[in-house]
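Quick note: the sequence shown uses the numbering used here, first residue 4, plus one each step. Reviewing the structure listed below.
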Amino acid sequence: MKTATGIAIGMSVGLIAAASYAGTCGSSKSACGSEASSAQGQMINASFQAKGNIVETAVGAGSFKTLVAAVKAAGLADVLSGKGPFTVFAPTDEAFAKLPKGTVETLLKPENKEVLKSILLFHVVEGEVPAGKVVKMESATTLNGQRASIKVKGGEVMLDEAKVVKTDIACTNGVIHVIDSVIMPETRDILTVASEAGSFNTLAAAINAAGLTEVLQGDGPFTVFAPTDTAFAKLRPGTVESLLKPENREKLRSILLAHVVPGRVFADQAWKMDSAETAGGATLSLRAAAGTIIVDNAAVTIPDIEARNGVIHVIDTVIVPE
């Protein structure tokens, strides 16, 4: 994820909360220990007794006019005025002003409501997290399913590429932390992410031949254990060519679906699992070994590559169901 810079890069409410944060740091992590304590101390604490909900507080502050307009345009005002609790990493009007000219106006149009909503939900998680917990977090799983990274750099707390500049603004249904830039989630689908990586040409060809292109470009979400071109090259000579033939479409489809698990399963979650049911009805075995995750007989070499509609884990071997 990166700071918004294009037309779909738009208005984001940063909303992150405690209930679904991805993990806390050990002694070797940068966001722990003295650096985290220093960062917590440097953030401007603006805690006060709560008088209104998140939306009311944002309106009353006077410096979140664009944020409030975005929340209303996306149909999220009732949600963020509701019981919650939520934690909001909120970009100021100055943060929105950094966006390319016309971005805000474009995203506020009714036809872009779903895009705007997705951007806003990228930062929403149920629960409440004060600044003292923020500095101990590595990431948070948001309501659009993707994770936002949380890091401490030079005594500053970063949400993706946005700096947290003010903390602990209490609300009746949560807490607001202020950020200095607008952030946004990954907008590419699984197939596009894989295709643009350049090392999944065989997988992309197989997906197309099996008639799964529209599925993996759909809403999902999915978890895909993606074999590289090198992994496919380990198969017996002629295997790939044979599977790509029209008469072997169903067999190919069965093999590919053995690599797809419904829902988003991040590496830290897979680490704790013994098995996972695939989209094809098979059961994958999962285990941890030598510092990585083994899926059946394939090792995860690169975990947690995020897409709009799921997550990709790169594996070194093609999984062939029995």
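Beta carbons are placed, not taken as given, at the ideal position from N, Cα and C, and that holds for glycine.
Paired residues, beta bridge with residue i - DSSP
i, result
"E309", "V314"
"M276", "Answer is none; M276 lacks a bridge partner."
"S288", "S278"
"G65", "None; G65 has no bridge partner."
"T349", "Residue coverage of the chain in this structure runs from 4 to 325, which leaves residue 349 outside it and unanswerable."
"A301", "V298"
"P265", "F225"
"L162", "I153 and A165"
Under 8 Å between C-beta atoms of residue i and residue j
i, j, result
"L111", "A165", "no"
"R150", "E325", "no"
"G63", "T175", "no"
"I296", "W274", "yes"
"A285", "A261", "yes"
"V263", "A279", "no"
"V321", "A234", "yes"
"V314", "D307", "yes"
"A207", "H316", "no"
"D192", "N312", "yes"
"L247", "T216", "no"
"T231", "S202", "yes"
Chain D within 8 Å of residue i, Cβ atoms only
i, result
"E97", "Going by chain labels, chain D is absent from the structure shown, which holds only one protein chain."
Spatial neighbours of residue i in its chain, beta-carbon cut-off 7 Å, leaving aside the 5 residues before and after
i, result
"S257", "G283 and P324"
"T69", "M14, D96, F99 and V107"
"A213", "R252, L255, R256 and L259"
"G241", "none"
"G157", "none"
Status (buried if at least 16 other CB within 10 Å, exposed otherwise) for residue i
i, result
"S1", "Because residue 1 is not part of the residues shown, which for the chain are 4 to 325, the question remains open."
"S288", "exposed"
"R239", "exposed"
"A293", "exposed"
"A291", "exposed"
"A236", "exposed"
"P113", "exposed"
"P249", "exposed"
"P103", "exposed"
"G223", "buried"
Contact set for residue i: own chain, Cβ-Cβ below 6 Å, skip 5 residues either direction
i, result
"N48", "Bear in mind that a pLDDT of 49 at N48, under 50, signals an unreliable position, so the model cannot answer this."
"G221", "none"
"G87", "N176 and G177"
"S121", "N147"
"V268", "T226"
"P133", "D171"
Beta-carbon proximity list for residue i, same chain, < 8 Å, skipping 5 on both sides
i, result
"E189", "M4, Q149, V196, E309, A310 and R311"
"G78", "K116 and K120"
ask   = Which parts of the stretch 127–157 are runs of the beta strand (DSSP E), unbroken and 3 residues or longer, counting only runs that do not cross its ends?
value = Runs found: 142–144 and 150–156.
4-residue-minimum alpha helix (DSSP H) runs that sit fully inside the stretch 164–245, ordered along the chain = 193–200, 204–212, 216–219 and 232–236
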